[in-house]
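**Student:**
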Amino acid sequence: MVPELQALRKDLDAGKELGIPDGVLINGKGPYRYSNTLVRGGIEHETIKVEPGKTYRIRVHNVGVSTCLNFRIQNHNLLLVETEGDYTLQESFSSLDIHVGQSYSFLVTMNQSASSDYYIVASARFVNQDLWQRVTGVAILHYSNSKGKATGPLPDPPNDVYDKSFVLTQALTIRFVAWFSL
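1 is the number of the first residue of the sequence shown in UniProt numbering; add one for each residue after it.
In structure tokens, the structure reads:
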């Protein structure tokens, strides 16, 4: 076994917590530049190119070890259609918490103005409120007729990063489609 993994296992077996990740990547790119001094400049973010009026399936996986992520696309609704390989009753969300090991598929219709690009954000939940931007992945949704880059602040996460009732209420709205063979 790799020495670093042995040391990590020893720490975890002794009860030490993992802590929060150093960053979140989207398609291997990122992280968000929350600080000009702590995060180097010139970071390339994933750009998803889309056509106005079309609907796209977006698949999101949380492949982390310990951190729940809230996924959202600025000014767009996420129509949940599948999780873990099973179809769901379609439910619309402005953002969705994705727990460790979970996968979801959304249909997203490109029905917004192309005055600028839009942010796609995956940010940590249940971490120190002052640190959520440190644990944030950013990508860009680029309409083919966009007139400018995404600017301004990232879309806000749910009001309270520690709000367990938000998570439970959201999870309880997800219903699977029953399939029966005859």
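Glycine residues also receive a C-beta, built at the ideal position from the N, C-alpha and C atoms. Just so you know, these numbers come straight off a predicted model, no measurement behind them.
Relative to the alpha-carbon of glutamine 102, which residue among Tyr118, Phe126 and Cys68 has its alpha-carbon at the smallest distance?
**Tutor:** Indexing the sequence shown from 1 puts residue 102 at position 102. Checking every option, the nearest Cα to that of glutamine 102 belongs to Cys68.
**Student:** With a CB to CB cut of under 7 Å and the five nearest residues on each side skipped, what residues in its chain are close to lysine 147?
**Tutor:** Counting from 1 along the sequence shown, the entry for residue 147 is found at position 147. For lysine 147, where only same-chain residues beyond five positions count, the Cβ hits under 7 Å are Ala114, Ser115 and Ser116.
**Student:** Please confirm if the segment 47 to 56 is in contact with the segment 148 to 156, defined as three or more CB-CB distances below 8 Å between the two stretches.
**Tutor:** no
**Student:** Assuming valine 138 contacts tyrosine 32 (C-beta within less than 8 Å), just tell me the rounded distance between them.
**Tutor:** As a first step, residue 138 must be located in the sequence shown, where it is residue number 138. As a first step, residue 32 must be located in the sequence shown, where it is residue number 32. About 4 Å; that satisfies the 8 Å criterion.
**Student:** In chain order, what residues of the same chain have a beta carbon less than 8 Å from the beta carbon of aspartate 11, not counting five sequence neighbours either side?
**Tutor:** By one-based count along the sequence shown, residue 11 stands at place 11. Once the five neighbours on either side are set aside, aspartate 11 has no close Cβ partner at all.
**Student:** May I have a chain-ordered list of the beta strand (DSSP E) segments no shorter than 3 residues that lie completely inside the UniProt domain "Plastocyanin-like" (8 to 146)?
**Tutor:** 46 to 50, 55 to 61, 69 to 73, 78 to 83, 86 to 93, 95 to 98, 103 to 109, 118 to 124 and 136 to 143
**Student:** Judging by CA-CA distance, which residue of Tyr104, Glu17 and Tyr56 is the nearest neighbour of serine 95?
**Tutor:** As a position in the sequence shown, residue 95 is number 95, starting the count at 1. Per the Cα distances, Tyr104.
**Student:** Look at valine 24 and alanine 122 and say whether their C-beta atoms are less than 8 Å apart.
**Tutor:** Counted from its first residue, the sequence shown places residue 24 at position 24. Counted from its first residue, the sequence shown places residue 122 at position 122. In contact: valine 24 and alanine 122 (Cβ atoms closer than 8 Å).
**Student:** Assuming alanine 124 and isoleucine 20 form a contact by the criterion Cβ under 8 Å, report the distance between their Cβ atoms to the nearest whole angstrom.
**Tutor:** Here residue 124 corresponds to residue number 124 of the sequence shown, with the count starting at 1. Here residue 20 corresponds to residue number 20 of the sequence shown, with the count starting at 1. Contact flag correct, Cβ pair sits at about 6 Å.
**Student:** Are the beta-carbon atoms of threonine 37 and valine 108 separated by less than 8 Å?
**Tutor:** Residue 37 sits at position 37 when you count from the first residue of the sequence shown. Residue 108 sits at position 108 when you count from the first residue of the sequence shown. The answer is no: Cβ separation not under 8 Å.
**Student:** Please report how far the alpha carbon of isoleucine 58 lies from the alpha carbon of glutamine 112, in whole angstroms.
**Tutor:** Stepping through the sequence shown from its first residue, residue 58 is reached at position 58. Stepping through the sequence shown from its first residue, residue 112 is reached at position 112. Put simply, the backbone Cα of isoleucine 58 is about 17 Å away from that of glutamine 112.
**Student:** Around the Cβ of valine 2, are there at least 16 other Cβ atoms within 10 angstroms (buried) or fewer (exposed)?
**Tutor:** Taking the sequence shown and counting its residues from 1, one reaches residue 2 at position 2. Valine 2 comes out exposed.
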